[in-house]
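Residue 407 in my numbering sits at position 339 of the sequence shown, and the numbers go up by one each step. Quick notes on the structure that follows.
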Amino acid sequence: MNRKNCGGVGENIGKRMVKIITKKNYRGEVRQGVQRNIVPLASLIENSPQNGYSPICPNEPTGKWVLGLSSLSEQCLDLSEAKPAPANDPLVDRFLLRHGDFLISRSNTIDKVGRVGVFRGGLDNCSYPDLMMRFRPDTSKIYPDYLEVYLRSEATVKYIQSHATGTSGSMKKINQSIVESIPILLPPPDDQKKIAAIHTAWDTAIEKTEKLIEAKKKQFKWLLKMFLGRTSETAKWRRVKLGEVAEIAVKEKLQTVYDETLLTVKLHCKGIEKNSRMSPRLTERGRPYYKRHAGEFLIGRQNFHNGGFGIVPDEFDGFIASNAITSLKINKDKLSSTFLFYFFSRETYYKRIGHIMDGTGQKELSDKQILNLQLRIPSVQHQKQIASTLNTARHEIDLLKKQAEAYRKQKRGLMQKLLTGQWRVKTK
């Protein structure tokens, strides 16, 4: 069962071809008989927003539920965050949700207050908590799916954040009057349906791409295990210490770090990146810095067990790193640095290294311990073949991630135009 109320927006209209056409916006002038119309939310709903009820929740399921505050995510209503509600509390029954109910967070951090979700069923006897408000749109005045899209728009988010109150630096609140005063751009009914359909089309494309990314990630893990995790295969490979096929790279302590760019070893096997947020500084008791070069294999000695390692790419040649990072020069006649990266990238390998790290507080691998790390390696040619296959699989994931981000960016730009009345749509 799908426990997230994310779908259903403009499903019928979304199946037709929708063409975007630029128009002057509705501001103060009539275009083809349509005038820009902004009204308060209060004029579009059947009832005033009502706070919910937060009971004392039992540990075991009772057949009744109450949503958790985290149920209102950025994109939808997540029913998997519901908690058991008491079976015999009559107040719970007063706040049971109906299909089509809108929920809005009335108290949360500044980035989450005002989040909106729509209950579309999927969980029987489900109520909502005190830190949410409920209301229902008047369907004779506004298309519910359009209202859902608009209440998640950048304009609405900014309005709510600017009106939220609270002395706490972390928690902000909105009340009934703020919610009722939210300004809603009200285009003609047909336009509302088309905008909702376009929003659904983009969400569907993004969701499909994200599912494909997850499938590719599973495939990558399978490949990693098939090539490097099968004992029957790797047992035939040569067993060596890292120090037999690599050495600590030559390093010369820098006397100045002015105008230098710092390298960072990312966690979770995500490689090397330049650190544009921090400028390196030399201090009397601080760590020294060294030049690092393309092709060197960097290991964050305090974070190897968190996947903190990677290869310096060509575009980062000559950047600097502190001596908290060990740099290895790989013997290319014996070891492929890319193969080594993937060999280390197995969770079963890098996570267990934490057990041998030294230190009582912040633990750290020593250079000696790094050079003593045990490897099993086939011939260099076989290493390169494995690395090439894994590179291809990872490149496919990276391309899909870029595509998903491009979709999200295009969706934001398009919806900004449509939800401010700058552009209108027509069905082809």
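Ideal Cβ positions, reconstructed from N, Cα and C, are used throughout, including at glycine.
Asked: Measuring alpha carbon to alpha carbon, tell me which residue in 154, 120 and 151 is nearest residue 169.; Found: 120
Asked: Taking only runs that begin and end inside the region 181 to 224, name each unbroken beta strand (DSSP E) of 3 or more residues, in chain order.; Found: 184 to 186 and 200 to 203
Asked: Helix, strand or coil, according to DSSP, for residue 340 in the structure here?; Found: strand
Asked: Give a yes or no on whether the C-beta atoms belonging to residue 263 and residue 217 are separated by under 8 Å.; Found: yes
Asked: Go ahead and label residue 478 buried or exposed: buried means 16 or more other beta carbons lie within 10 angstroms of its beta carbon, across all protein chains shown.; Found: exposed
Asked: Using CA atoms only, rank isn't needed, just tell me which of 177, 186, 274 and 157 is closest to residue 145.; Found: 186
Asked: Nearest-angstrom Cα distance between residue 177 and residue 136?; Found: 15 Å
Asked: Please determine, among 179, 150, 174 and 156, the residue with the shortest C-alpha to C-alpha distance to residue 165.; Found: 150
Asked: Could you name each continuous alpha helix (DSSP H) segment of 4 residues or more that falls completely within the region 408 to 486, going from the start of the chain to the end?; Found: 415 to 418, 435 to 439 and 448 to 486
Asked: Leaving out five residues on either side along the sequence, give the residues of the same chain with a beta carbon under 8 Å from the beta carbon of residue 376.; Found: 333, 334, 335, 367, 368 and 370
Asked: Taking the alpha carbon of residue 451 as the point to measure from, which residue in 470, 106 and 401 has its own alpha carbon closest?; Found: 401
Asked: In terms of residues, what are the limits of the beta strand (DSSP E) holding residue 240?; Found: 239 to 241
Asked: If we require 4 or more residues per run, which alpha helix (DSSP H) segments fall completely within the region 238 to 314?; Found: 244 to 248, 257 to 296, 299 to 302 and 310 to 313
Asked: So, with DSSP's three-state summary, where would you put residue 160?; Found: helix
Asked: Does DSSP classify residue 97 as helix, strand or coil?; Found: With a pLDDT of 36 at residue 97, under the threshold of 50, the modelled position of this residue cannot be trusted; read the value that follows with caution. The answer is coil: DSSP assigns residue 97 none of H, G, I, E or B.
Asked: Check whether the Cβ of residue 248 lies closer than 7 Å to any heavy atom of the ligand MG, and answer yes or no.; Found: Summarising the ligand content, the structure contains no ligands, and the ligand MG is consequently not present.
Asked: Pick out whichever of 188, 108 and 198 has its Cα sitting closest to the Cα of residue 123.; Found: 198
Asked: When you compare only the Cα positions, how much space is there between residue 511 and residue 160?; Found: No answer is possible for residue 511: the residues shown for the chain start at 69 and end at 496.
Asked: Could you please give me the residues that DSSP links to residue 118 through a beta bridge?; Found: 202
Asked: Relative to the C-alpha of residue 324, which residue among 348, 337 and 305 is closest?; Found: 348
Asked: Assign residue 114 to buried or exposed, taking buried as 16 or more other Cβ atoms, counted over all protein chains shown, within 10 Å of its Cβ.; Found: exposed
Asked: Straight-line CA distance for residue 232 to residue 225?; Found: 10 Å
Asked: Quick one: using the 10 Å Cβ neighbour count with 16 as the cut-off for buried, is residue 326 buried or exposed?; Found: exposed
Asked: Identify which residue in 227, 110, 283 and 73 has its Cα closest to the Cα of residue 464.; Found: 283
Asked: Exposed or buried, residue 189, counting other C-beta atoms within 10 Å across all chains shown (16 or more means buried)?; Found: exposed
Asked: Please list, in chain order, all residues of the same chain as residue 211 whose beta carbon is under 7 Å from its beta carbon, the five residues on each side excluded.; Found: 257, 260, 261 and 264
Asked: What does the Cβ neighbour count give for residue 271, buried or exposed, with the cut at 16 atoms within 10 Å?; Found: buried
Asked: List the residues that DSSP assigns as beta-bridge partners of residue 331.; Found: 342
Asked: Could you tell me the boundaries of the beta strand (DSSP E) in which residue 366 lies?; Found: 365 to 368
Asked: Exposed or buried, residue 378, counting other C-beta atoms within 10 Å across all chains shown (16 or more means buried)?; Found: buried
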